[in-house]
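Here is the structure we will look at, set down as structure tokens.
Residue numbers (this note's numbering), protein chains in the order written: chain A, 1 to 111; chain B, 1 to 115.
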């Protein structure tokens, strides 16, 4: 089983749509969880950290279920500028020494 | 404030050669990590350094090595290059190695092509 698995995608949605990405992780010792966004041929950029209580940042909502080892990202009212690859990321251990990345899910928002 | 900087931006090398990649972290950040991203995959952890000491190593061969300098900048060295080493090499900086702040911020990367 891969350490971090994401929906394979790609997701093609119209502007204004709501889209959800799912992710599972295998290491129960992981303590920190993130969503990163990566545009084509650019570096990953931190979108948001994910907390057990769930957290929201504008149109973006992240959820964490530690019991199921499951993370999700919901994007509401999709914009053309949301088109990118979304990477699910977990820390390797309690010290957060390394970040373990999923393969990424590509989102394409069209007008 | 300047973000993470990396040099060079692009590099073409021949199999068997050696390469050195450089990274300067965000001012005030003491931890630097290196990642390799091959096309179509997520970044894969290579090393983490903090206060000039190696704090973590990923599953990479000994051909890969790194070091951190007193000003917290870092170098990644790869010897005996293979075609499979062609990738985007990313440097990430972080304030500390412990505590609550685990966010890492990435530089623009060095795109290495091995022919």
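Each residue gets a CB set at the ideal place from its N, CA and C atoms; glycine is no exception.
For clarity, every value in this text was computed on a predicted model and none was experimentally measured.
Test item: CB-CB of residue i and residue j under 8 Å
i: residue 13/A; j: residue 100/A; result: no
i: residue 62/A; j: residue 72/A; result: yes
i: residue 75/B; j: residue 22/B; result: yes
i: residue 46/A; j: residue 103/B; result: yes
i: residue 94/B; j: residue 18/B; result: no
i: residue 51/A; j: residue 44/A; result: no
i: residue 32/A; j: residue 90/A; result: yes
Residue burial classification, residue i (beta-carbon count within 10 angstroms, cutoff 16)
i: residue 58/A; result: exposed
i: residue 41/B; result: exposed
i: residue 88/A; result: buried
i: residue 100/B; result: For residue 100/B, the pLDDT reaches just 48, beneath the cut-off of 50, and the residue's location in the model is therefore unreliable, leaving the point undetermined.
Nearest-angstrom Cα separation, counted from residue j out to residue i
i: residue 25/B; j: residue 31/B; result: 8 Å
i: residue 45/B; j: residue 106/B; result: 13 Å
i: residue 77/B; j: residue 68/B; result: 12 Å
i: residue 115/B; j: residue 54/A; result: 46 Å
i: residue 7/A; j: residue 22/A; result: 6 Å
i: residue 74/A; j: residue 47/B; result: 32 Å
Whole-Å CB distance - residue i paired with residue j, under 8 Å assumed
i: residue 43/B; j: residue 50/B; result: Their Cβ separation, rounded to whole angstroms, is 19 Å, which puts residue 43/B and residue 50/B out of contact at 8 Å.
i: residue 78/A; j: residue 17/A; result: 5 Å
i: residue 92/A; j: residue 27/A; result: 7 Å
i: residue 27/B; j: residue 2/B; result: 7 Å
Quiz item: Listed in chain order, which residues of the stretch 43-70 of chain B have Cβ atoms closer than 8 Å to some Cβ of chain A?
Solution: 43, 44, 45, 48, 55, 56 and 58
Self-check item: Members of the stretch 48-79 of chain A that neighbour chain B once the beta carbon cut-off is set at 8 Å
Solution: 49
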